[in-house]
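Remarks on the structure that follows.
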Amino acid sequence: MKNMKNMRTIIIISIIYFINCSFIGRNLPPPLDNHQDIIGKWQSDETSGWVLEFKADGKCEESLNGKILKVYFYSFGKTSPQCGHIVPVGELFEYLNLVNVNNSEDKFCYEFLGVDNDNFAMIYIGGASNNPMGFIKL
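Taking the working numbering, the leading residue of the sequence shown gets 2, the next gets one more, and so forth.
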């Protein structure tokens, strides 16, 4: 009876481990090493019509269905805290900050997961969900 209980525990732990590995190991873009790679228009792969356009002047335009909603200054950092939240620090962590050009209190922070020629991904810091948001280059 005790062996069956131990076997069930091992199976459950193995399943949880497999599920976690499949989320962590999915095909995310490589870590960001050149901030110039972010310049351009990027459309959300989940929300149709939501576009972020990063410009070389350090501004990012957020638009929905072609209408500009807000303009932000964007910057990258590797320190903690980010937007008042303690975050991991180290070689593998990069953070994207968006600050509204008209209201510095309107600020968003993201863990930047990576960028390549076609995609980038990030996770909103401070939200209820830790799900990555993906974007496709236009």
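The beta carbon of each residue, even a glycine, is placed where N, CA and C say it ideally should be. Computed from a prediction, not measured in an experiment: that's the story for all the values here.
- Counted as a single uninterrupted DSSP element, the beta strand (DSSP E) harbouring ASN98 occupies residues 96 to 101.
- Here DSSP, grouped into helix, strand and coil, assigns ASP38 to helix.
- Ranking SER76, TYR111, VAL72 and LYS71 by CA distance to the CA of PRO89 puts TYR111 first.
- When secondary structure is reduced to three states using DSSP, ILE87 falls in the coil class, being assigned neither helix nor strand.
- About 5 Å separates the beta carbon of PHE109 from that of LEU99, a gap short enough to meet the 8 Å contact definition.
- Residue pairing by DSSP puts GLU54 in a beta bridge opposite LYS42 and GLU62.
- The alpha-carbon of ASN101 is positioned some 12 Å away from that of SER76.
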